[in-house]
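The structure appears below as structure tokens.
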Amino acid sequence: MAKIVVLGSSFGGLTAAFELKRLLGKEADVSVISDDDRFVFLPSLPWLIMGWRKPEDITLKVGEILKPKGINFIHEAAKQVDPDAAKVLTATQTVPYDYLVISTGPYLSFDEIPGLGPDKGYTDCTFTLDHAVRTGQTWKRIIENPGPMVLGSAQMVSCFGPSYELAFEMDTELRRMGIRHKVPIIYLTSEPYVGHMGVGGLGKSKRFIEDEFAERDIKPVVNQAIEEVTQEEIRLKDGTKIPFKLAMIAPPFKGVAAVAPLGNPRGFIPVDKNYRHTKYKNVFAVGVAMAIAPPEQTPVPIGVPKTGFMTVKMAKTAAETIASEIKNRALPLPEELSVVCLMDMGNTAAYMKAKPVLPPRQETTLKKALWAKWMKLGFERYFLWKMKHGLSNLP
Ligand SMILES: Cc1cc2nc3c(=O)[nH]c(=O)nc-3n(C[C@H](O)[C@H](O)[C@H](O)COP(=O)(O)OP(=O)(O)OC[C@H]3O[C@@H](n4cnc5c(N)ncnc54)[C@H](O)[C@@H]3O)c2cc1C
Numbered sequence: 088m089a090k091i092v093v094l095g096s097s098f099g100g101l102t103a104a105f106e107l108k109r110l111l112g113k114e115a116d117v118s119v120i121s122d123d124d125r126f127v128f129l130p131s132l133p134w135l136i137m138g139w140r141k142p143e144d145i146t147l148k149v150g151e152i153l154k155p156k157g158i159n160f161i162h163e164a165a166k167q168v169d170p171d172a173a174k175v176l177t178a179t180q181t182v183p184y185d186y187l188v189i190s191t192g193p194y195l196s197f198d199e200i201p202g203l204g205p206d207k208g209y210t211d212c213t214f215t216l217d218h219a220v221r222t223g224q225t226w227k228r229i230i231e232n233p234g235p236m237v238l239g240s241a242q243m244v245s246c247f248g249p250s251y252e253l254a255f256e257m258d259t260e261l262r263r264m265g266i267r268h269k270v271p272i273i274y275l276t277s278e279p280y281v282g283h284m285g286v287g288g289l290g291k292s293k294r295f296i297e298d299e300f301a302e303r304d305i306k307p308v309v310n311q312a313i314e315e316v317t318q319e320e321i322r323l324k325d326g327t328k329i330p331f332k333l334a335m336i337a338p339p340f341k342g343v344a345a346v347a348p349l350g351n352p353r354g355f356i357p358v359d360k361n362y363r364h365t366k367y368k369n370v371f372a373v374g375v376a377m378a379i380a381p382p383e384q385t386p387v388p389i390g391v392p393k394t395g396f397m398t399v400k401m402a403k404t405a406a407e408t409i410a411s412e413i414k415n416r417a418l419p420l421p422e423e424l425s426v427v428c429l430m431d432m433g434n435t436a437a438y439m440k441a442k443p444v445l446p447p448r449q450e451t452t453l454k455k456a457l458w459a460k461w462m463k464l465g466f467e468r469y470f471l472w473k474m475k476h477g478l479s480n481l482p
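Residue 88 is where the sequence shown starts when you use this note's numbering, and the numbers rise one by one after that.
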């Protein structure tokens, strides 16, 4: 029986574990190691900040959903991977593997910018449930005592969508409350232009976001790196100082420490088209943990996003590859990844599609429509239902 260890229990980890068990049954002993015993539907964190969701609406207990499928759950952080000995080390045990799937997501590297982040600094963040809960409290204070807000992304970020969503959602809510004129909003970003999103833009996304920001009086400040943050202001590397009452800034991304030695200088894991490590043939990496080279060199360095949709596709391909190898079958030939994204805009939403992820592309679509908002609501309910029942084979 093959012993397969999956690191992480989010989009990538759960999908890989369910698929491996589904494809291999008794031929595989599948274990998930994760430092978080909750699956959090991260795309709904902006809604949680706005007060439109509670943590329990978007959270599942990992142990409870893995157990019925016969998958072991080890609720511990991986401290180290020894790829030569094929072992994962936690604080209390050594776990050997025949195959390893790494889906540990990003390390949020607040420390790279003095004063950044909710723990040791002055800025808020939307990337974890706990950070989003705290940002929701800051948001309530802004409503009671309005003042300038700065939303956006620092250098080396590779997930831009949530900051755009929050800018649109907060604009919508402030107008609804009749206090928008008391809250100047700056959209500060390391992207070379708004709508770049780390993928060189999607069709007309530059013009689309510029027009929306102009109509909503959101001031874009692009192509910027942050030097430091103080209690009152963000100091940019070019010397500009931006005062704020609420600053919600996405931090630089790195690979997590336990797996970073297997990766590139930023700790992201190099893989082939089946998501197999380029050096260690029994190690796979999917989702945010794997490396994709940027489509172009930007003046301020940024990364390529790996969306939930992409992560699920990667996890399915990795699982199918491992299962095929164990069963001595031909390996799958994965199709090129595409981006499908639903961006909430408060009073409406946008549907974005880019195929393939990086330009030049065969296809791009960008449509603003209320139906996209309904699709986003449906995606949340559907994905949580699918994960709760381990139905990873569904689209
Ligand atoms: C606010 C927000 C909004 C988003 N909106 C969308 C959207 O609308 N559409 C979309 O497609 N995508 C969206 N995304 C992106 C999507 O959430 C990610 O693509 C997806 O979460 C990536 O999954 P992952 O499994 O690679 O990593 P993650 O989701 O980051 O999960 C990493 C897992 O690894 C675990 N872990 C970390 N370190 C260790 C360790 N040392 N040992 C063991 N376990 C560890 C974590 O606890 C976690 O379970 C959004 C992301 C955020 C943050």
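Think of the CB as a built atom: it goes at the ideal place given N, C-alpha and C, for glycine as much as any other residue. All values derive from a computational prediction rather than experimental measurement.
Query, Result
"Limits of the beta strand (DSSP E) - the one that D217 falls within", "It is not in any beta strand (DSSP E) - D217 instead sits in the alpha helix (DSSP H) that spans L216 to E231."
"Opposing strand residues paired with N159 [DSSP bridges]", "S118"
"Contact test: L429 Cβ vs ligand 1 heavy atom, cutoff 7 Å", "yes"
"For V370, the nearest candidate out of T181, L195, L187 and F340 (CA to CA)", "L187"
"Residue from I313, T213 and G350 with nearest C-alpha to P130", "T213"
"Between the CA atoms of R125 and R221 - distance to the nearest angstrom", "18 Å"
"Neighbourhood of G99 by C-beta distance below 6 Å, restricted to the same chain and skipping five residues each side", "S190, V373, G374, T398 and A402"
"The region 334-343 / the region 200-216 touching (three or more Cβ pairs under 8 Å)", "yes"
"Range covered by the beta strand (DSSP E) that runs through I67", "Residue 67 cannot be examined here, being either before or after the span of the chain that is shown, 88 to 482."
"R448 versus N232: straight-line alpha-carbon distance, rounded", "46 Å"
"Cβ separation of V391 and I379, assumed to be a contact under 8 Å, to the nearest whole Å", "4 Å"
"Close Cβ partners of T181 (< 6 Å) along its chain, the five nearest in sequence each way excluded", "K174"
"Distance cut-off 7 Å: D258 Cβ against heavy atoms of ligand 1", "no"
"Which listed residue (A436, P421, N434 and K440) has its alpha carbon closest to that of V427", "K440"
"Any alpha helix (DSSP H) of 4 or more consecutive residues that is wholly inside the region 227-270", "248-263"
"Distance CB(V316)-CB(G202) smaller than 8 Å", "yes"
"Sufficient close CB pairs (3 or more, under 8 Å) joining the region 410-423 to the region 134-154", "no"
"Nearest-angstrom beta carbon gap, T259 and G138 [assumed within contact, 8 Å]", "Incorrect: roughly 13 Å between the Cβ atoms, too far for contact."
"Residues bridged to I329 (per DSSP)", "I321"
"Bridge partner(s) assigned by DSSP for I305", "I272"
"Start and end residues, beta strand (DSSP E) containing I91", "A89 to L94"
"Proximity to T452 [Cα-Cα], best of R322, S425, E467 and M474", "S425"
"Cβ-heavy atom distance, P130 to ligand 1, below 7 Å", "yes"
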